[in-house]
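Heads up: the sequence lines are chains A, B and C, in that order. The first sequence runs 1 to 172 under the working numbering. The second sequence runs 1001 to 1293 under the working numbering. The third sequence runs 2001 to 2800 under the working numbering. Think of the CB as a built atom: it goes at the ideal place given N, C-alpha and C, for glycine as much as any other residue.
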Amino acid sequence: MSQHEIALSVNGRAYRGTVPARLTLADFLREHLRLTGTHTGCEHGVCGACSILFDGKPMRSCLIFAVQADGATITTVEGLAPDPAALSVLQDCFWEMHALQCGFCTPGMLIAAQALLDRNRAPSDEEIREAIGGNLCRCTGYKQIIDAIKLAASRLQGANAPAGSITGANNG
Amino acid sequence: MKAAEFEYARPGTVEEACRLLDGAAGDGKIIAGGQTLVPLLVMRLTRPSLVVDINRIAALQGIAASEAGIAIKAATRQADVLADAVIQHRLPLLAKGLRLVGHPQTRNRGTIGGSLANADPAAEICLIARTLDAEITARSSQATRRIAMRDFCAGAMTTALAAEECLTEVRFPLWRDASRIGTGFNEMSVRQSDFALVAAACQLVLDHDGVCRRIALGIGGAEASPVRAAAAEKRLTGTRLEAGDIDKAMGELQATLSPLSDVHASADYRRRVAGALAARAIAEARDEAKAAA
Amino acid sequence: MAEQAFRYIAKKRRPKEDRRFIAGAGRFVADLALPGMLHVALVASPYPFARIRGIDSEKALALPGVVAVLTGAELAAGVDPIMSGVDAPKIRRWPLAHQFARYPGEWVAAVVAESRAVAEDAAELVEVDYEPLTPVTDPETAMRPDAPAVHPDHGSNVLFRKKWVWGAVEEDFAAADQTLSFRARWHRSSTVPIETFGVVAQWNPAQQLLDVWASIQMPKFADQLAKALRLSGNAVRVHFDVDVGGSYGVKRGLKHSILAGFLAKKLGMPVRLMEDRLENMRGGDAQGPDRIFDMQVAFSREGIIRSLKIRALDDCGAHAGRAPLQLGKPIGAICGPYRVNSVEYEAISVTTNKTPQEAVRGFGQGPTNFALENAVDRVAAALGIDRLAVRRANLIRAEEFPYTIPSGSTYDSGDFQTVLEKALAAADYPALVAKRDAARRAGKLAGIGIACCLEPSGGNSAFEPLFNPKNETTTWMEAASIKIDGAGAVVVSINTSSSGQGHESLAATVVGEVLEREPETIRVVRADSLSALPSNSPVGSRMAIMLGGAAAGAAKKLKEAITAIAAHKLGLAAAEVEYRDGAVIARADPAKKVAWEAIAEIAHRKFHELPPGIEPGLQASHVLEVPTGGTLPSADGRVQMYPCYAFEAHIVYAEIDRITGQVALGPYIVGHDCGVMINPDIVHGMTYGGIAHGIGAALYERFRYDESGQFLSGTFMDYLIPSAHEVPDVAIVDHCTPSPLTAFGQKGSGEAGYLGAPAAISCAVNDALAPLELKIAELPMTPGLLGDLIASADKSTTRR
């Protein structure tokens, strides 16, 4: 069977690869690029642990073949922080609210939540549940995850508040 | 779960896609969003020798409104259709249904055409297309044909598409003189965003006196393909869609359904719920039409 | 017991281990890439029951990239059979089916190849010649003498059957004002973690050592692995520093690890067996309790419950697994939190041609609580008395602790009434009742569920000798070691893996508390099975008690040594100095002190300043036996099961759509008392998770088999796990009744929420159905089931 050349950007870095058609994007990220933060829990598009940003939008990487990602811009959990030693606001809020236990669904949750916050800094509870509705978690019962996303939203709103505003920047 | 091997091609035009399908001699499959095809591939429930990727064919992207209706190209993402202002204003029934399709991740990748070609008995898009008498355009190397939805749906997971055909577009006709138009969509799924066990879609027009001039009512998930509740539609046309009118029509609807039975729900359940959801959808559409004076 | 003021314990603290997971830097089994590693795919039986006549691997082996195909016959010749937990010596099993495939999805052959994809390609080419046999798919049918026997050598499908009578049961039933009986059915579900089970094994011939990395909750299996592989116990090294993506009981992985170990040794290359979801659901042997409870209750006209008769029939599936013992643990709380005079309990384990069970969170207590709480509600209904009043009358009172129940377990402490009242207050119960009644007047089906349930914790495995008298074991221990280096840096070593319970934070917090040092400065590492001190793994909600106790014990030893060294340095007696924040100060003159770093330096470098009799360096370990442990069951089956009893009171509001049968939950309030919480966020998190899991068991999750024995729930499209949409907001109201048995008054809590939620939701649905005079004591209560049930009673709903 033929191999295919692909070139894509992952977390801001350019990568090239030669892949068989049947290799999923999830497996390419994990096995070829050794970015093992993206996890596979079901490989049939239900659990959401494999979620990544594909051209800025959250998608299930187990349902995309690597060859289809030629030319795409991908963000994985490893690319969420501003630099390798730091944490994004959302990641820090996950830690503050203990929005995880075993950590297996966490990368997908972070991706789904980040995608929500990128377009909506003041999500309602329902909007948060809708954003993570395609990410299954067996440990947390979702409450501390939802609380973390709310905290992150309030912090991100505060970050953009003008200096001296009444709402202030001291949330969270 | 890894797919069996396949050859992969990513044509830039529909013509090329059709030629590739011809070359696969019936053993080729089109991949668009992959939300339904990839699980089948990795579970090895389908084993095409060739997968033809239509995601980069520009001619298969986009939404266009014209006199003939609203045409959505097959590889347009569900999320993009849902967000489109034209759809929200002129095809609100589709917008209502799309909100309930899958999850954000699946809508970002899944396409309108993919859902239609997959023909799951409970798929919201198929139901709405059937309810609104949409027309499918299918192209092969030999010909282009237009297939009415009622002829397109051929059973569970089965359509009238031939192996060498590519679904290129679905066109939803617009209702003329529809000043007081209303829509309703109601579904029952075990978890939110699961495939519906039963779904009901309704679009109707009221005249100035509140009398129903036209109504389309479709039921999904009850049978192998979406069905139009023709008897109920007839019964309700010319009435004010009051509770008694709806009740009678639902009785007829339930009598004509031959529902599926499976581990999730008995046939009786589907029959009962179809009636209830249809009634709710009709009421929603009626109320919406009344408010749209 | 007065509550202590803690410095670090019971305070909010970010768990240490979260840091790596939020960065995507966890180290799960599938992340391990050893050079030359080979991959396994399994060939699974499509039949529920079949004789294996032969296996032809020729085509599979011819595929490029395929290294080996292992059959059950070859494996059975090369490894010892896996032991069963019950006394059933004629039942032998191996990781691959041998001669017979006994359930749909049972692994029949293993293909090893250079990639998982190629291994799957080859697995399709393995030709197995099956002779299908008639399966038995129903547990009551399986009990009949004429039923097809899953293990003919065993003689019947009954793996275990025993009845215990604790107290004057027959007299109590005869004398009771009223009795009632009903059946409660808990269908098969399980914990189904998002990460499947996986194992990497590597054989090092130069060291004659097998290394094992696994996604395992109970890594205390190196000895069983070694025995099966016919290696000496110290020839297997299980690594505990693998992150485990959830387990909640089920990741024991003995058969997977034996298989991988055998292949690694045979092939001389590292081998990875990573279940895909299909292999996991059907052949991973991780399904859960599948029970029929026949309940009889004897009670007074005032609603006082006097006696219980419980028959629990459990469908094990094709092999024993942990299923029979899962009928035993609930004996430790067999009457729940209630004052019951006598109990008769019959436990029956039968084999059928279904996937075997593994230990599921709570080890059988969840299903038992579901049956008990339904019993209490039925007593109330039979008498026309309020369900709360019945509970209040029967709950063991705070002043009655320690309280010994008829089956011999003593409940250590509790204040059930206060927890219940707190939950009711937080729920604004009268307002909730008003809301329900208003909904009913509007034609809705609305109900409130109240469940008072125990969480036994501490993991005393006394059900093992109880169920198999030949297995005389009473040791259930845990260990921790601490060392402080010459500059004062602290390292704690723990002896097990973790799957999200926060053990690193637990150990650091406890050690920090005792040594009065900031837990952030304390590093926690994990030993491996060769370097580890004994541990019985994180099961039975035991680690807060046991790891907490062991870490505290080791820290106390160090504190004494530190004090002694400093006192000697100051020329004072130990009573003349005071330990404070890791430094030691002369009581008479606070200016005289020895700092932490100076003490460490003395210990490591200044032997001439060390007091006589103290070892150089600064290190200590402690091995702790479970409190109340060490006693075998009495002849009449009385035994102390787990030592500490946590308690939860659930209040949940539910509305059922009359037509669709969908249940909408919320508000949801739970009162929770697990004594002192070492890290409240961690405890709360597991409670929220347990409730979500309980919602799944109550409303959505079921492993289904059809009448012909085919398995219908192999994917996540069929087995429905609750998403964020299905779990309402939950409010936890804490209460603290410390345990007198533990280092800080902590009780265990890993199974919280799950043990009471299915009971509470069942009670809520029944309350909602009460106006229709319907009852349902079956889980899961799916929309299809409820919709049809309501329609059968409510003729006016055909067209709504």
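Contact check, residue i vs residue j, beta carbons under 8 Å
i: C/S2621; j: C/L2741; result: no
i: B/L1094; j: B/A1075; result: no
i: C/V2626; j: C/P2643; result: yes
i: C/G2317; j: C/Y2668; result: no
i: C/F2240; j: C/R2526; result: yes
i: B/Q1105; j: A/P58; result: yes
i: C/A2649; j: C/A2423; result: yes
i: C/A2113; j: C/L2061; result: no
i: C/V2379; j: C/F2299; result: yes
i: C/G2787; j: B/Y1269; result: yes
Pairwise C-alpha distance: residue j and residue i
i: A/A86; j: C/P2270; result: 35 Å
i: C/L2225; j: C/A2077; result: 16 Å
i: C/S2505; j: A/L90; result: 22 Å
i: B/E1165; j: B/A1143; result: 9 Å
i: C/A2264; j: C/P2205; result: 11 Å
i: C/P2406; j: C/A2743; result: 28 Å
i: C/R2306; j: C/R2291; result: 24 Å
i: C/I2396; j: C/I2348; result: 29 Å
i: C/A2119; j: A/G103; result: 29 Å
i: C/W2711; j: C/L2720; result: Note on identity: in this sequence residue 2711 of chain C is Phe, with Trp being the wrong assignment. Rounded to the nearest angstrom, the two C-alpha atoms are 15 Å apart.
i: C/G2332; j: C/G2685; result: 25 Å
i: C/G2283; j: C/D2734; result: 40 Å
i: C/I2448; j: B/G1102; result: 31 Å
i: A/T73; j: B/N1055; result: 16 Å
i: C/A2176; j: C/D2412; result: 29 Å
i: B/E1005; j: C/I2216; result: 32 Å
i: C/R2542; j: C/E2106; result: 32 Å
i: B/R1139; j: C/G2268; result: 55 Å
i: B/V1014; j: B/A1276; result: 43 Å
Listed by chain order, chain A residues near residue i by CB distance under 9 Å
i: B/T1106; result: G45, M59, R60, L63, G134
i: B/G1114; result: Correct list: empty, because the minimum Cβ distance to chain A is about 11 Å.
Amino acids of chain A, ordered along the chain, whose beta-carbon sits closer than 8 Å to that of residue i
i: B/M1001; result: E43, H44
i: C/I2691; result: G141
Within chain A, partners of residue i - CB distance below 7 Å
i: C/P2015; result: H98
Chain-ordered chain B contacts of residue i [CB-CB under 8 Å]
i: C/P2219; result: Correct list: empty, because the minimum Cβ distance to chain B is about 27 Å.
Under 7 Å by beta carbon: chain C residues contacting residue i
i: A/C105; result: I2194
Using a beta-carbon distance cut-off of less than 8 Å, what residues from the region 2500 to 2518 of chain C approach chain A? For the region 2500 to 2518 of chain C, the residues whose beta carbon sits under 8 Å from a beta carbon of chain A are, in order, G2500, Q2501, G2502.
Residues of the region 2662 to 2686 of chain C in Cβ contact with chain B at a cutoff of 9 Å, in chain order, please. Q2662
Please list the residues of the region 2705 to 2729 of chain C that have a C-beta atom closer than 7 Å to any C-beta atom in chain A, keeping them in chain order. T2715, F2716, M2717, I2721, S2723, A2724, H2725, V2727, D2729
Do the region 2139 to 2155 of chain C and the region 2334 to 2353 of chain C meet, that is, are 3 or more Cβ pairs less than 8 Å apart? yes
Are the region 2047 to 2058 of chain C and the region 2118 to 2132 of chain C touching, with three or more C-beta to C-beta distances below 8 Å? yes
Can you list, in chain order, the residues of the region 2269 to 2296 of chain C whose Cβ is nearer than 7 Å to any Cβ on chain B? Cβ contacts with chain B come from D2276, R2277, L2278.
Pair every Cβ in the region 140 to 149 of chain A with every Cβ in the region 2719 to 2730 of chain C, then say whether three or more of these pairs are closer than 8 Å. yes
What are the residues in the region 1018 to 1040 of chain B lying within 7 Å of chain A by C-beta distance? G1034, Q1035, V1038, P1039
Residues of the region 3 to 37 of chain A with Cβ closer than 9 Å to any Cβ of chain C, in chain order: P20, R22, L23, D27, R30, E31, R34, L35, T36, G37
Residues of the region 2093 to 2117 of chain C with a CB closer than 9 Å to any CB of chain B: list them in chain order, please. Listed by position along the chain: S2115, R2116, A2117.
Would you say the region 61 to 72 of chain A touches the region 1034 to 1042 of chain B, given that touching needs at least three Cβ pairs under 8 Å? yes
When you compare the region 2556 to 2565 of chain C with the region 2601 to 2619 of chain C, are there three or more beta-carbon pairs, one atom per stretch, that lie closer than 8 Å? yes
Given 8 Å, three or more beta-carbon pairs between the region 1143 to 1158 of chain B and the region 1222 to 1237 of chain B: yes
Please confirm if the region 1163 to 1177 of chain B is in contact with the region 1247 to 1254 of chain B, defined as three or more CB-CB distances below 8 Å between the two stretches. no
Specify whether the region 2512 to 2531 of chain C and the region 2480 to 2494 of chain C touch according to this definition: at least 3 beta carbon pairs, one from each stretch, less than 8 Å apart. yes
For the region 2471 to 2492 of chain C, which residues have a CB atom closer than 8 Å to at least one CB atom of chain B, in sequence order? none
Is it true that the region 2505 to 2522 of chain C meets the region 2013 to 2033 of chain C, where meeting means three or more beta-carbon pairs spaced less than 8 Å apart? yes
Decide yes or no for the touch test of the region 2436 to 2454 of chain C against the region 2582 to 2599 of chain C: beta carbon pairs closer than 8 Å, at least 3 of them. no
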